Amino acid sequence: MDWQAIALSVRLALATTAILLVVGVPLAAWLAFSRRRWTVVVEAIVALPLVLPPTVLGFYLLVALGDRSPVGRWWSELTGSPLAFTFNGLLLASVVYSLPFAVQPLMTSFAGVDRRLLEASAVLGRTTAGTVLRVVLPLSRPGVATAAVLTFAHTIGEFGVVLMVGGNIPGETRTVAIAIYDSVQAFEYAAAGRTSLVLLLFSLVVLVSTYALQRKGGPAWPRP
Amino acid sequence: MDWQAIALSVRLALATTAILLVVGVPLAAWLAFSRRRWTVVVEAIVALPLVLPPTVLGFYLLVALGDRSPVGRWWSELTGSPLAFTFNGLLLASVVYSLPFAVQPLMTSFAGVDRRLLEASAVLGRTTAGTVLRVVLPLSRPGVATAAVLTFAHTIGEFGVVLMVGGNIPGETRTVAIAIYDSVQAFEYAAAGRTSLVLLLFSLVVLVSTYALQRKGGPAWPRP
Amino acid sequence: GSEAAGSEGEVRVAVASNLKFAMADIVAEFEDAHPGTTVAASYGSSGAFVQQISNGAPFDVFLSADTGYPEDLVQDGLADTGDVFGYAAGRLVVWAAADSPADPSGGLPALADDAVGTVAIANPEHAPYGTAAQAALESAGVADDIEDKLVLGENIAQTAEFAQSGNADAAVVALSLALSPSMSASGEHSEVPPGSYPRLDQSGVVLPDSANPGGARDLAGFLRSEDGQAILEEHGFAPPEPGEEG
Amino acid sequence: MAAALNARVRRRVLDADLRVPLTPESPVTVLFGPSGSGKTTLLRCVAGLDRPDSGSRVEFDGSPWTAPGTHLPTRRRKVGYLFQDHALFPHLSVAGNVGYGLHGLARRERADRVAEALSSAGAAHLRDTPTRRLSGGEAQRVALARALAPRPRLLLLDEPLSALDSPTRAKLRTELRAILLRLGIPTVVVTHDRVEALALGDRIVVLVGGRVHQMDSVEHVFSRPATAQAAAAVDVENVIPGHVRELSEGLARVLLGRHLVTAVGGHGLTPGDPVLACIRAEDIALETGPAGGHAASPRNHLPATVSAVAPDGPLQRVDLDAGVPLVAFVTRHARDDLELVPGRQVTAAIKAPAVHLIPRP
Amino acid sequence: MAAALNARVRRRVLDADLRVPLTPESPVTVLFGPSGSGKTTLLRCVAGLDRPDSGSRVEFDGSPWTAPGTHLPTRRRKVGYLFQDHALFPHLSVAGNVGYGLHGLARRERADRVAEALSSAGAAHLRDTPTRRLSGGEAQRVALARALAPRPRLLLLDEPLSALDSPTRAKLRTELRAILLRLGIPTVVVTHDRVEALALGDRIVVLVGGRVHQMDSVEHVFSRPATAQAAAAVDVENVIPGHVRELSEGLARVLLGRHLVTAVGGHGLTPGDPVLACIRAEDIALETGPAGGHAASPRNHLPATVSAVAPDGPLQRVDLDAGVPLVAFVTRHARDDLELVPGRQVTAAIKAPAVHLIPRP
Ligand SMILES: Nc1ncnc2c1ncn2[C@@H]1O[C@H](COP(=O)(O)OP(=O)(O)OP(=O)(O)O)[C@@H](O)[C@H]1O
Ligand SMILES: Nc1ncnc2c1ncn2[C@@H]1O[C@H](COP(=O)(O)OP(=O)(O)OP(=O)(O)O)[C@@H](O)[C@H]1O
Ligand code: MOO
Ligand SMILES: [Mg+2]
Ligand SMILES: [Mg+2]
C-alpha cells in the first residue's frame with residue numbers, strides 16, 4: 001500500500017478544499033447577490049474548466065506554469081523553485097480545476113437564503129460582508145458541506161490534471177489516484193483493488209462525518 | 001475540426017444530464033427528506049465515484065459492463081449489442097460518474113425549501129411525490145440549474161472513464177474530449193487549441209443561457 | 001495474401017499512441033492499395049487496449065507498443081499465437097528544447113550535468129519506453145545521478161510534452177516523436193546507442209473475434225510489406241526482429 | 001353519542017383534553033389564549049403536522065386520526081389549515097395557490113371553486129397579483145381562500161383575520177360565519193380578538209399554559225370565566241380578591257375591600273371562602289344622582305372617586321378608587337353628561353349578576 | 001423649521017407626501033389604512049429597502065436619505081424596523097437576534113442592552129428559547145426587542161403587536177409608549193387597531209389607496225375624518241349622505257333622509273351642497289323617556305325603531321331604523337335599562353358636535 005501517496009492526496013484535498021472555501025465564499029456571494037446582468041457570464045466562466053478534458057486542461061496549465069510563461073517565471077523568481085512538478089503547482093491546478101465544484105453549490109445555497117433576513121441585517125447596520133458572514137454562511141451549511149464534499153472527493157480522485165502538472169514524483173506529486181492508475185496499467189489488479197478500497201473507505205468516513213455534522217439540527221420532511 | 005466528436009459529446013452530455021435529472025430528483029428528494037439516520041451513508045456513497053481516478057473507475061466499469069460480466073452478458077442477450085464500447089455503455093458510465101454532480105446540488109436545494117410550504121402541501125392533500133413535483137422542484141430552480149450545468153460540463157470534459165469504457169472508436173465513442181486529447185498527444189497544438197476554443201465557446205453559450213433562464217425573476221440582494 | 005472479397009469494409013485498429021505519426025501515412029497508402037477498405041484507428045495506451053480487448057472491445061487489429069501485451073492476450077486465450085506479428089522496433093533519443101540548458105548532443109551522460117534540472121522519462125513501471133530509458137540510463141552509468149531529476153510521464157507523448165513545454169530540461173523519448181514536425185521544429189535530439197537498452201520490439205495481433213478478418217490480415221501484411229516498412233522507417237522506427245513472424 | 005372531534009394531546013407545553021361537537025348549525029369553536037399557550041401546537045397536532053407524545057389521541061367523528069400505533073397522514077385528514085404565517089406558495093399565482101388543493105376536480109369546476117373561495121375571503125380582486133407582491137393582509141386573505149377552497153372536513157384557522165384593517169375584518173367575519181354555516185364545516189379558529197370571538201364563535205375554548213381552562217358559549221366565558229387564568233386570558237378588567245360573607249337564595253354577599261357586594265351564584269362556596277370577584281368594566285355604570293328606579297335585579301352601589309379618564313376605542317375608560325381600584329367603561333355621552341374628570345365623586349352601580357365569583361386557592 | 005421626517009414617495013400604488021415632526025415629547029406617528037394601501041411599501045422606502053421611483057425624496061432631520069442621485073444605504077440610516085413577518089434570524093438564539101445590531105458595543109454593555117430590550121418587549125422569559133420554536137406572538141415580541149435594542153434614530157414598526165393576546169397587547173403598548181417617550185425615539189407604527197392607535201399615537205396618518213388622506217391627532221381623525229375614504233378607513237359606523245339646508249353661526253342644518261339634523265361646523269359649505277354626515281356609533285345615545293335636561297350643546301333627537309341588538313366586544317351594537325339606517329353602541333347596562341329589543345321605539349340622541357360633515361363630490 002502506497003501510504004505516502006495516500007497522505008499526499010489527503011493533504012492536497014484538504015488544502016484545495018480549504019483554499020476553495022476561502023476563495024469560493026466571496027466569489028459565490030458576489031455572484032449570488034450582484035444585480036449586474038453580466039455576472040451570468042462570470043458564473044459560466046467559473047464552470048468552464050470542467051468542459052476541457054483534465055489532461056488537456058493540465059497541459060495548458062503546464063504551459064502556463066512553465067518557465068516560459070510570465071506566471072511561472074514570476075513564481076520561480078519569487079520562491080526559487082518552479083511551480084510545475086511541485087506540490088504547490090499541483091495545489092494551484094487542483095484549485096483551478098475544482099473551482100466550479102465549490103462555487104456552484106455555494107452560490108445556489110446563498111441565493112436561497114431568505115431575502116428578508118438580508119434586509120433585516122442591513123437595517124441592523126451590517127455591511128454586505130458582515131451579512132454574508134453572519135447570516136448567509138450559517139444558513140448555507142448544506143451548501144458549504146456540498147461544496148466541501150465535492151471539492152474534497154474530486155481532488156482525491158483527480159488524475160489527468162495532476163498527472164500533467166505533477167510529473168508523478170513520489171512524495172511530492174504522486175497522488176494515490178496516480179498510484180492506483182499505475183497499478184492498473186501494470187496489471188497489478190490486486191494492488192489497485194486494495195488501494196482503491198482503502199481510499200473508498202477513508203473517503204466514506206470523511207463524507208459520512210461531514211454530512212452527519214451538517215445534518216445536525218437540519219431540516220426534515222414534515223410527516224405528511 | 002472533428003465535428004463528429006463534438007456532436008457525439010453534446011449528445012452524450014445532453015442524454016446524461018436528462019437521465020441524471022430524472023434519476024437524481026427522486027434520489028435527492030429521498031435523501032433530503034428522509035428522517036432515517038443512515039441516509040447520510042447513502043449520501044456519501046453517491047459521492048464516492050468521484051474519489052476514484054476516472055480511468056480506474058472506467059476500468060472497473062469496463063469490467064462490470066464487459067462481455068465477461070453478468071450485466072454485460074444480460075444486456076447483450078437482451079439487445080443484441082454489447083454495452084461496453086457503445087454509446088449506451090458510455091452513457092451509463094457517464095451517468096454513474098456524474099451522479100454526485102447532479103444529486104448533491106439538488107439535495108442541497110431541496111433541503112432548503114421552506115418546511116412550511118411542504119406542510120401546506122400536505123394539508124392540501126398532496127402526496128410527497130406530488131409535493132416534490134409541484135412545490136420543491138419549482139422552488140429549487142437554482143439547484144436544478146447547478147445540477148444540470150455541472151453534469152453537462154463535466155460530461156463534456158470527461159475523459160478517463162469515457163476512454164476506458166468507450167475505447168475511442170470514431171463516431172461511436174470518440175468524444176471531443178478524447179479528440180482534443182489525441183491532438184495534444186500528437187503535438188497538434190493548433191488543432192487542439194481550435195477544438196478547445198470551439199468547445200469552450202459552445203459551452204459558454206449553453207451555460208450562460210441556462211443561468212440567464214434560471215435567473216429570470218430570481219432573487220437579488222436587497223439594496224443595503 | 002487473402003481473397004479480395006474478404007478485404008471490403010472497415011478495419012478497426014487499436015493503435016499504441018507512439019505510432020500515431022506513422023499511422024496517418026500508413027492508413028493513406030493502405031487505403032489506396034485496397035479500395036473499398038477503410039481504416040478506423042483508435043489511439044491509446046497499449047495497456048488500456050489490452051484491458052479493453054479482454055472485455056470485448058470490437059477491434060480487428062491491435063498494434064501494441066511492445067511485444068508483451070500481445071503475448072498476454074495469447075496467454076489469456078484471447079488471441080492465437082499465429083496471429084501475432086512483429087512490425088517495427090522503437091528507437092530511443094534524448095530530446096531537449098532549443099532554449100534548454102541541456103545539450104542533447106552529449107547523449108545520456110550529459111544529463112548528469114548540474115545545469116540540467118529536470119529530466120522526463122516515461123513511467124518505467126508500465127511504459128515500455130520508460131523501462132528502456134531506465135535501462136539506458138543505467139548502461140550510461142548516470143541512473144543514480146539523475147534519479148532526483150526525474151519526472152515521470154504516463155506515456156511517451158506526455159513525457160515529451162514535459163520537455164516541450166519547458167518544464168523539463170530534457171526528455172528521453174521515442175525517435176518517432178522527435179521526428180514529428182512540432183518537436184523537430186522546437187528542439188534537438190540525439191539517438192541513444194541501440195545496444196544500451198533492450199530492444200523495443202513492437203508487435204501487433206489480428207484479433208480472433210474480428211468482424212473483418214480479411215481486412216485485418218491485409219493491414220497486418222501491409223505493415224510488414226516493403227511499402228509499410230519504408231513508411232515506418234521514415235518515422236523513426238527500426239525494422240522488426242527477423243524471424244518474429246509466426 | 002353525537003359526532004365530535006376528540007383530542008387528548010400532550011406535546012411540549014401542551015396538555016389539553018378537548019371535545020368539540022361537530023354540529024353543522026353551530027360549527028365554529030374559538031380557541032382563545034395568551035401568546036405561547038399552545039394554540040398553534042394544538043392545531044398542528046390535530047392536522048397531523050406534529051406528532052403528539054404517546055398517550056395522545058385525536059379522533060374525528062369516530063375515526064381515530066392519532067392513536068397508539070395509528071397516525072393518519074396529514075394529507076388524508078382532509079382538513080383545511082390557515083397557517084399563522086400564511087405559507088403561500090411563492091412560485092404559484094394567487095389562483096394557483098387557491099386551486100392547489102383542488103386536484104381531482106375538472107378544470108372548469110376548479111376555476112369556479114377558486115373564484116368562489118377568493119370572493120368568500122374578500123380576495124377576488126387579488127386573483128392576478130403575483131403572490132410575492134401581496135401585502136400582509138392580502139396574503140392572509142388568499143391563505144384563507146386556499147383553506148376554504150377544497151371544502152375540508154374540518155377547518156383549522158390560526159388567526160385568520162389578524163392582519164386586516166377593521167372594516168375589512170368586520171365584513172369578512174360576517175361573511176365567513178355565513179359561509180361556514182352554509183357549508184356546515186366544523187371550524188376551530190384561533191383569535192386574540194374578543195369582538196371576533198363573539199361574532200364568529202358558537203363556543204370558545206380557553207387555553208392557558210397548555211391546559212383547557214374553560215369551554216362554553218362565548219358570552220358566558222367572557223363574563224363568567226371559570227378560573228383566575230381564564231379571567232386574565234379574556235382580559236376581565238376587574239378581578240378583585242375578597243371573602244364570602246353570607247350565602248342565601250342563590251345570592252352571595254362578598255367582602256371586597258370595605259364594601260359588601262352582592263353577587264348572583266356562589267354554588268359550592270361556603271362563608272369564609274376566599275374568592276375572586278370578576279366584574280367586566282362595561283358592567284359598571286356610573287351615576288352621580290341617586291340610584292335609578294326600575295332595577296330588575298339587586299344592584300350594588302359603591303361610592304368612588306374618578307382617578308383617570310381616557311379614551312379606549314369607542315369607549316371611555318374610567319379608573320376609579322372605591323377602596324379597591326375599579327375600571328369602568330362608559331360612553332362618551334355618559335362621560336360628558338356626568339362630567340367625569342379626575343377627582344369627581346361618583347357611584348359605581350354593579351348589578352349582582354355582573355359580579356362573578358371564582359374560588360381562590 | 002422644526003426637525004422632521006419628510007417623505008415624498010412614489011412607488012407602485014404609493015403616491016404619498018408626508019411630513020412627520022420629530023419631537024421627543026410626542027414621538028409616535030400611527031400609520032393607518034386598509035390592507036394593501038401601501039403602508040409597508042412606505043416604511044420600506046423610508047428604510048431604504050425599496051428604492052422609490054424618481055422624483056421621490058426622503059429627508060430625515062434635514063439630511064437627504066433618498067433624493068435624485070442620492071441613496072443612503074439602509075445600514076447607514078440607523079433605523080429600527082420591525083418587519084410585518086418578523087424576519088428573525090433562525091440560526092441565532094433569541095439573544096443573538098436582539099444583539100445583532102449592537103456591534104461596536106462592549107460585550108457587557110451588549111448583554112445589558114439585550115436584556116433591557118427583551119424586557120421592554122415583554123420577552124425576557126424567551127431569552128433562551130430556540131428561535132425556531134417561538135410561537136407567533138413570541139416571535140413578534142423578540143422582533144420588537146431586536147428593533148429597539150440599538151436605540152435607532154427612527155423606529156419603523158409594521159404591526160408590532162398584531163399577533164398578541166389582548167392583555168399582553170395592552171400591557172405592551174403602555175410600556176412601549178413609555179419607553180419611546182423616555183428615549184425620545186421618533187416612531188412610525190402601522191396598526192389596524194383603533195385602541196392601539198389611541199394608546200400609542202401622538203398623531204395619525206391615514207393612508208388610503210397609496211395617498212395620505214389625513215394627518216392629525218388620533219381622536220380628531222377618528223371622530224372627524226377628512227374624506228369619505230378616511231371615514232371608511234377609521235370605520236365610522238354611520239356615514240349618511242344628505243344635503244345642507246341652512247348655515248348659521250357655526251352650525252349647519254342638514255337633511256338626512258327625512259330628518260333635519262344640526263351639526264357643528266360647515267365651513268366652506270353652502271346650502272344645497274351634498275354632504276356625508278359621519279356619526280360614530282358610540283355618539284348616538286338611546287333614550288326612551290323625554291329628552292334629558294342639562295345638555296351642554298344642541299342635541300338632535302331622531303325617533304327610531306330598534307331592528308337588531310348584538311354584543312360587540314364590551315358594547316352592544318344596536319341597529320336602528322330612523323328613516324336612514326343608524327348604528328348605535330350602548331353599554332349592556334343601558335341595553336337592560338332601556339329594554340332594547342328589536343321593535344322597540346326609541347329616540348336617538350346625537351349631539352351636534354358629534355355630527356361631522358364631509359363634502360360629497
Ligand atoms: N419544538 C419546541 N420545543 C419546545 N417548546 C416549543 C417548541 N415549539 C414551540 N414551543 C413552545 O411552545 C409554546 C406554545 O407554542 P404555540 O406556537 O403553540 O403558541 P400559540 O398559543 O400558538 O402562541 P401565539 O398566540 O403566540 O401564536 C411556546 O412557548 C413555544 O415557545
Ligand atoms: N412589486 C410590486 N408590484 C406591484 N404591486 C405591488 C408590488 N408589491 C406590492 N404591491 C402592491 O402594493 C400594494 C401595497 O402593498 P403594501 O404591502 O404596502 O400594503 P400594506 O398597506 O402594508 O397592507 P397590509 O396592511 O395588508 O400589510 C398591495 O396591493 C400590493 O399588492
Ligand atoms: O504508447 Mo505507450 O504504451 O502509452 O508509451
Ligand atoms: Mg400560534
Ligand atoms: Mg403591510
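Line by line, the protein sequences give chains R, D, B, Z and H. Residue numbering for the first sequence follows the working numbering, beginning at 1 and increasing consecutively. Residue numbering for the second sequence follows the working numbering, beginning at 1 and increasing consecutively. Residue numbering for the third sequence follows the working numbering, beginning at 1 and increasing consecutively. Residue numbering for the fourth sequence follows the working numbering, beginning at 1 and increasing consecutively. Residue numbering for the fifth sequence follows the working numbering, beginning at 1 and increasing consecutively. The C-beta atom is built at its ideal place from N, Cα and C for all residues, glycine as well. None of the values given here were measured: they were computed from a predicted structure.
Asked: Run through the DSSP bridge pairs and tell me what Ala178 (chain H) is partnered with.; Found: DSSP lists no partner for Ala178 (chain H).
Asked: Helix, strand or coil for Val234 (chain Z), going by three-state DSSP, please let me know.; Found: coil
Asked: What I want to know is whether the C-beta of Gly136 (chain H) ends up closer than 7 Å to one or more non-hydrogen atoms of ligand 4.; Found: yes
Asked: Tell whether a beta-carbon distance below 8 Å holds between Pro367 (chain Z) and Asp283 (chain Z).; Found: Only positions 1 to 361 of chain Z appear in this structure, which leaves residue 367 (chain Z) out of reach.
Asked: Hey, does Leu212 (chain Z) have any beta-carbon neighbour from chain D nearer than 8 Å?; Found: The amino acid at residue 212 (chain Z) is misidentified as Leu; the sequence shows Val. Output row for Val212 (chain Z): interface = no.
Asked: Are the C-beta of Glu43 (chain R) and some C-beta of chain D separated by less than 8 Å?; Found: yes
Asked: Following the continuous beta strand (DSSP E) through Val94 (chain B), name the residue where it begins and the one where it ends.; Found: Leu92 to Ala97
Asked: For Asp50 (chain Z), verify whether its CB is less than 7 Å away from any heavy atom of ligand 4.; Found: no
Asked: Do Val206 (chain H) and Val188 (chain H) count as a contact pair if the criterion is CB distance below 8 Å?; Found: no
Asked: What does Thr127 (chain R) touch in chain H if you count any residue whose Cβ is under 7 Å from its own?; Found: Arg75
Asked: Counting only the same chain and skipping the five closest in sequence on each side, list residues whose C-beta sits under 7 Å from that of Arg173 (chain Z).; Found: Leu161, Glu196, Ala199 and Leu200
Asked: So which residues on chain R does Gly101 (chain H) lean against when the C-beta distance must stay under 7 Å?; Found: Leu124 and Gly125
Asked: Since I believe Glu158 (chain R) is in contact with Ser94 (chain R) (beta carbons under 8 Å), could you give me their beta-carbon distance rounded to a whole number of angstroms?; Found: 6 Å
Asked: In chain order, what residues of the same chain have a beta carbon less than 7 Å from the beta carbon of Ala84 (chain D), not counting five sequence neighbours either side?; Found: Leu62, Leu65, Gly66, Gly72 and Val165
Asked: By how many angstroms is the C-alpha of Leu315 (chain H) removed from the C-alpha of Pro138 (chain R)?; Found: 51 Å
Asked: Please give me, in chain order, every unbroken run of the beta strand (DSSP E) with length at least 3 that falls completely inside the segment 54-115 of chain Z.; Found: 57-60, 63-67 and 79-82
Asked: Say whether chain Z places a C-beta atom closer than 8 Å to the C-beta of Ser166 (chain H).; Found: yes
Asked: Suppose contacts are defined by Cβ-Cβ distances below 8 Å. Is Leu91 (chain R) in contact with Thr16 (chain R) by that definition?; Found: yes
Asked: I'd like to confirm something about Gln84 (chain H): is its beta-carbon nearer than 7 Å to some heavy atom of ligand 5, or not?; Found: yes
Asked: Quick check on DSSP: helix, strand or coil for Thr305 (chain Z)?; Found: strand
Asked: Rounded to whole angstroms, what is the Cα-Cα separation between Leu92 (chain B) and Tyr129 (chain B)?; Found: 8 Å
Asked: Do Pro54 (chain D) and Gly160 (chain D) have their C-beta atoms closer together than 8 Å?; Found: yes
Asked: Below 7 Å, is the gap between the Cβ of Asp165 (chain H) and the nearest heavy atom of ligand 4?; Found: no
Asked: Cβ of Val327 (chain H) within 8 Å of Cβ of Arg317 (chain H)?; Found: yes
Asked: What's the C-alpha gap between Leu14 (chain H) and Gly80 (chain H)?; Found: 22 Å
Asked: Apply the 10 Å Cβ neighbour rule to Arg174 (chain D) and answer buried if 16 or more other Cβ atoms are within range, or exposed otherwise.; Found: buried
Asked: Does the beta-carbon of Ser209 (chain D) have 16 or more other beta-carbons within 10 angstroms, so that it is buried, or is it exposed?; Found: exposed
Asked: Is the CB of Leu197 (chain D) under 8 Å away from at least one CB in chain B?; Found: no
Asked: Taking 7 Å as the cut-off, is the CB of Arg141 (chain Z) close to at least one heavy atom of ligand 1?; Found: no
Asked: By the 10 Å Cβ neighbour count, where 16 or more other Cβ atoms means buried, how is Asp99 (chain B) classified, buried or exposed?; Found: exposed
Asked: Is the beta carbon of Leu357 (chain Z) closer than 8 Å to that of Ala304 (chain Z)?; Found: no
Asked: Please list, in chain order, the residues of the segment 127-138 of chain H that have any C-beta partner in chain Z closer than 7 Å.; Found: Ser135, Gly136, Gly137 and Glu138
Asked: Determine the direct distance from the alpha carbon of Leu52 (chain D) to that of Val196 (chain R), and round the result to whole angstroms.; Found: Looking at the sequence provided, one finds Ser at residue 196 (chain R) rather than Val. The straight-line gap from Cα to Cα measures roughly 7 Å.
Asked: Can you give me, in chain order, the residues of the segment 42-72 of chain B that have a beta carbon less than 7 Å from any beta carbon in chain D?; Found: Ser42, Tyr43, Gly44, Ala48, Gln51, Gln52, Asn55, Gly56, Ala57 and Pro58
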